[in-house]
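At position 288 of the sequence shown the residue is numbered 634 (the working numbering), and the sequence of numbers has no breaks.
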Amino acid sequence: MSTEHIKCLIIGSGPAGFTAAIYAARAGLNPVMYTGPQPGGQLTITNDVENYPGYPEGINGPQMMQDFQKQAERFGTSVRYGMATKVFFTEDEKKVIIDETHELIADTVIIATGAAARWLGLESEARLNGSGVSACAVCDGFFYKGLDVAIVGAGDTACEEASYLSKLCNKVYMIVRREEMRASKIMQKRVLNSPNIEVIWNSMTDEILGKTEVEGVRLKNANTGELTEIKVQGFFVAIGHKPNTEIFKDILDLDENAYIITEKGSSRTNIPGVFACGDAQDHVYRQAVTAAGTGCMAALDAERYLAEIEVEA
Ligand code: NDP
347 MSTEHIKCLI IGSGPAGFTA AIYAARAGLN PVMYTGPQPG GQLTITNDVE NYPGYPEGIN
407 GPQMMQDFQK QAERFGTSVR YGMATKVFFT EDEKKVIIDE THELIADTVI IATGAAARWL
467 GLESEARLNG SGVSACAVCD GFFYKGLDVA IVGAGDTACE EASYLSKLCN KVYMIVRREE
527 MRASKIMQKR VLNSPNIEVI WNSMTDEILG KTEVEGVRLK NANTGELTEI KVQGFFVAIG
587 HKPNTEIFKD ILDLDENAYI ITEKGSSRTN IPGVFACGDA QDHVYRQAVT AAGTGCMAAL
647 DAERYLAEIE VEA
């Protein structure tokens with residue numbers, strides 16, 4: 347296995363990773379980025395991004411991520427395709443194995459591995475993804491202004507997104523698989539008090555209807571098995587996210603949902619020299635712009651950390 351010693355390794359290539367790369371490269375840390383299995387991250391499966399400042403006409407997700415990459419490479423980031431498969435972190439040494447073939451010893455590591463939306467797993471959901479099916483109401487809700495939509499889920503995210511959609515859409519059906527919601531009482535109350543949100547209890551999504559775009563949803567009653575259909579133009583999935591932090595389990599401090607715990611107001615993890623940014627450590631905001639902001643924080647924290655250990659040496 348080949349070994350390489352570098353100053354700064356960035357794992358992950360979404361807005362957090364690329365922003366960290368831009369800052370780290372401009373600070374002379376010669377960052378090396380490994381993109382992970384989905385180069386560009388979650389935005390590469392989004393169509394139009396209209397809420398990222400600086401793009402008054404909006405931009406499509408894949409194009410935006412190409413621009414991020416170009417900017418990071420312009421300052422000397424080495425962007426490589428590959429996946430971190432194992433990590434060994436101590437205060438004194440940070441070792442990362444890439445695809446079981448390459449070993450990196452890094453003075454600092456910035457983790458920007460992101461999160462992935464959980465999906466229902468229906469064929470129609472995958473086929474209509476981006477054509478009416480979305481896992482982000484804040485990103486895509488605007489395209490359904492004045493239309494009827496459905497959202498599946500019963501946690502805080504589903505309630506928050508249903509409320510968000512209710513302000514834009516004509517009608518929001520909220521599909522809940524049990525006879526109660528998991529969400530906090532206050533979030534539930536907001537949903538139940540919205541005149542244009544209709545909660546459909548005890549219901550599973552049997553199929554999303556439509557050939558090339560969403561036209562409706564077939565629901566199955568969880569108790570009786572009865573099938574019914576509703577007509578909608580948008581279908582939102584809000585059944586939770588899963589941070590991509592599997593390889594850091596037992597090494598970094600993670601919260602009960604496996605998000606990396608960072609020190610308040612910083613990107614520092616429990617291991618000095620290892621920093622985390624973006625959705626891998628944020629289950630609340632989860633926006634491209636907030637991920638980019640924390641990516642910037644991680645690069646600045648890494649730069650300061652290196653300056654401090656150089657002084658100590
Ligand atoms: P949760 O895991 O809390 O909720 C997921 C929801 O999806 C549950 O209601 C679950 O149903 C439902 N679900 C799961 N699988 C399916 C399925 N196959 N079909 C239908 N429904 C399904 O995820 P959230 O993203 O809502 O929240 C994650 C964390 O983030 C929580 O701790 C939450 O409190 C927090 N959060 C806080 C916010 C805030 O404070 N403003 C905003 C958003 C999130 P069931 O209940 O039956 O298991």
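Ideal Cβ placement from N, Cα and C applies to all residues, glycine included.
Whole-angstrom distance between Cys505 and Glu437, CA atom to CA atom: Counting from one through the sequence shown, the residue named residue 437 turns up at place 91. Counting from one through the sequence shown, the residue named residue 505 turns up at place 159. Looking at the two C-alpha atoms, the distance is approximately 41 angstroms.
Straight-line Cα distance separating Glu525 from Leu573: Here residue 573 corresponds to residue number 227 of the sequence shown, with the count starting at 1. Here residue 525 corresponds to residue number 179 of the sequence shown, with the count starting at 1. Straight across, the Cα-Cα distance linking Leu573 with Glu525 is about 17 angstroms.
Own chain residues within Cβ distance below 6 angstroms of Pro399, not counting five before or after: To locate residue 399, count along the sequence shown from 1; it is residue 53. Cβ neighbours of Pro399 beyond the five flanking positions: none.
Coil, strand or helix - Ile607 by DSSP: Mapped onto the sequence shown, residue 607 falls at position 261. Secondary structure at Ile607: coil, using DSSP grouped into helix, strand and coil.
Endpoints, beta strand (DSSP E) assigned at Phe621: For the purposes of this step, residue 621 is identified with residue 275 of the sequence shown, where counting begins at 1. From DSSP, the beta strand (DSSP E) with Phe621 extends over Val620 to Ala622.
Alpha-carbon to alpha-carbon, Pro377 and Phe414: The sequence position of residue 414 within the sequence shown is 68, counting from 1. The sequence position of residue 377 within the sequence shown is 31, counting from 1. Each residue's Cα considered, the two are about 15 angstroms apart.
Three or more C-beta pairs below 8 angstroms linking the region 593-604 and the region 425-444: The region 593-604, when compared against the region 425-444, does touch it at the 8 angstroms Cβ threshold.
Start and end residues, alpha helix (DSSP H) containing Met533: Here the question's residue 533 lines up with position 187 in the sequence shown. For Met533, the enclosing alpha helix (DSSP H) starts and ends at Lys531 to Leu538.
Between the CA atoms of Gly624 and Thr636 - distance to the nearest angstrom: Translated into the one-based positions of the sequence shown, residue 636 becomes position 290. Translated into the one-based positions of the sequence shown, residue 624 becomes position 278. Taking the straight line joining both Cα atoms gives about 7 angstroms.
CA-to-CA distance, Thr503 to Gly487, given in whole angstroms: Position 141 of the sequence shown holds residue 487. Position 157 of the sequence shown holds residue 503. Cα to Cα, Gly487 sits roughly 14 angstroms from Thr503.
CB of Ala634 within 9 angstroms of CB of Ala458, strictly: Within the sequence shown, residue 634 is the residue found at index 288, counting from 1. Within the sequence shown, residue 458 is the residue found at index 112, counting from 1. Taking 9 angstroms as the Cβ cut-off, Ala634 and Ala458 do not qualify as a contacting pair.
Which listed residue (Val518, Val583, Ile357 and Thr608) has its alpha carbon closest to that of Ala452: For the purposes of this step, residue 452 is taken as residue 106 along the sequence shown, with counting starting at 1. Distance from the Cα of Ala452 is smallest, within the candidate group Val518, Val583, Ile357 and Thr608, for Ile357.
Beta carbon of Ile521 nearer than 9 angstroms to that of Gly492: Counting from one through the sequence shown, the residue named residue 521 turns up at place 175. Counting from one through the sequence shown, the residue named residue 492 turns up at place 146. One thing to note: Ile521 has its Cβ no nearer than 9 angstroms to the Cβ of Gly492.
Limits of the unbroken alpha helix (DSSP H) element including Ser424: By 1-based counting over the sequence shown, the position of residue 424 is 78. Bounds of any alpha helix (DSSP H) do not take in Ser424; it lies within the beta strand (DSSP E) bounded by Ser424 to Arg426.
Residue-chain proximity (Ala584, chain B), Cβ-Cβ < 9 angstroms: This model lacks chain B altogether; it includes just one protein chain.
Beta bridge counterpart(s) of Arg614 as assigned by DSSP: What you label residue 614 is simply residue 268 of the sequence shown in a count that begins at 1. BP columns for Arg614 point to Phe621.
Buried/exposed call for Leu538, threshold 16 Cβ in 10 Å: If you number the sequence shown from 1, residue 538 lands on position 192. Burial call: exposed.
Check whether Glu471 and Val583 have beta carbons under 9 angstroms apart: As a first step, residue 471 is located in the sequence shown; it is residue number 125 there, counting from the start. As a first step, residue 583 is located in the sequence shown; it is residue number 237 there, counting from the start. Pairing Glu471 with Val583 gives a Cβ-Cβ distance under 9 angstroms.
Ala584 Cβ short of 8 angstroms to the ligand NDP heavy atom set: Within the sequence shown, the letter at position 238 stands for residue 584. Because some heavy atom of the ligand NDP lies under 8 angstroms away, the Cβ of Ala584 counts as near it: yes.
Where the beta strand (DSSP E) containing Met520 begins and where it ends: Residue 520 sits at position 174 when you count from the first residue of the sequence shown. Unbroken beta strand (DSSP E) run through Met520: Lys517 to Ile521.
Identity of the residue in Met411, Gly571, Lys440 and Lys566 nearest Ala301 by Cα: An answer regarding residue 301 cannot be provided, because it is not within the stretch 347 to 659 covered by the chain.
Three-state class that DSSP yields for Asp438 in the structure shown: As a working note, residue 438 is residue 92 in the sequence shown. Asp438: coil per DSSP, three-state reduction.
Whole-Å CB distance - Gly382 paired with Met429, under 8 angstroms assumed: As a first step, residue 382 is located in the sequence shown; it is residue number 36 there, counting from the start. As a first step, residue 429 is located in the sequence shown; it is residue number 83 there, counting from the start. The pair is a contact, with the Cβ atoms about 6 angstroms apart (cut-off 8 angstroms).
Cβ contact (3+ pairs, closer than 8 angstroms) linking the region 578-593 and the region 473-487: A contact is defined here as three or more CB-CB pairs under 8 angstroms, and the region 578-593 meets this definition with respect to the region 473-487.
8 angstroms CB neighbourhood of Leu389 in its chain, flanking five on each side removed: Locating residue 389 in the sequence shown gives position 43, where the first residue counts as 1. Excluding sequence neighbours, Leu389 sits near Gly360, Pro361, Val395, Gly407, Pro408, Met410, Met411 and Ala634.
As assigned by DSSP and simplified to three states, the class of Glu553: One-based indexing of the sequence shown puts residue 553 at position 207. If DSSP states are grouped into helix, strand and coil, Glu553 belongs with the strands.
Within 9 angstroms, strictly: CB atoms of Asn548 and Ala461: Your numbering for residue 548 matches position 202 in the sequence shown. Your numbering for residue 461 matches position 115 in the sequence shown. Taking a C-beta distance under 9 angstroms as the contact criterion, Asn548 and Ala461 do not qualify as a contact pair.
Alpha-carbon spacing of Glu553 relative to Lys517, whole angstroms: Against the sequence shown, residue 553 aligns to sequence position 207. Against the sequence shown, residue 517 aligns to sequence position 171. Spanning the two alpha carbons is a distance of roughly 20 angstroms.
Buried/exposed call for Lys440, threshold 16 Cβ in 10 Å: Translated into the one-based positions of the sequence shown, residue 440 becomes position 94. Residue burial annotation: Lys440 is buried, with at least 16 other C-beta atoms found within 10 angstroms of its C-beta.
Whole-number beta carbon distance between Arg523 and Val568, since they are thought to touch under 8 angstroms: Reading the sequence shown from its first residue, position 222 is the one you call residue 568. Reading the sequence shown from its first residue, position 177 is the one you call residue 523. Correcting the residue identity first, residue 568 is Ala in this sequence and not Val. Rounded, the Cβ-Cβ distance is 6 angstroms, consistent with contact.
Buried versus exposed, by CB contacts within 10 Å (16 or more), Thr431: If you number the sequence shown from 1, residue 431 lands on position 85. Exposed: under 16 other Cβ atoms inside 10 Å.
DSSP beta-bridge partners of Met379: Numbered from 1 along the sequence shown, position 33 holds the residue referred to as residue 379. BP columns for Met379 point to Ile356 and Val425.
Environment of Tyr427 [buried if 16+ CB atoms lie within 10 Å]: Numbered from its first residue, the sequence shown carries residue 427 at position 81. Under this definition Tyr427 is an exposed residue.
Nearest candidate by alpha-carbon position, reference Gly467, set Ile585, Ala371 and Gly571: Within the sequence shown, the letter at position 121 stands for residue 467. The shortest C-alpha separation from Gly467 is found at Ile585.
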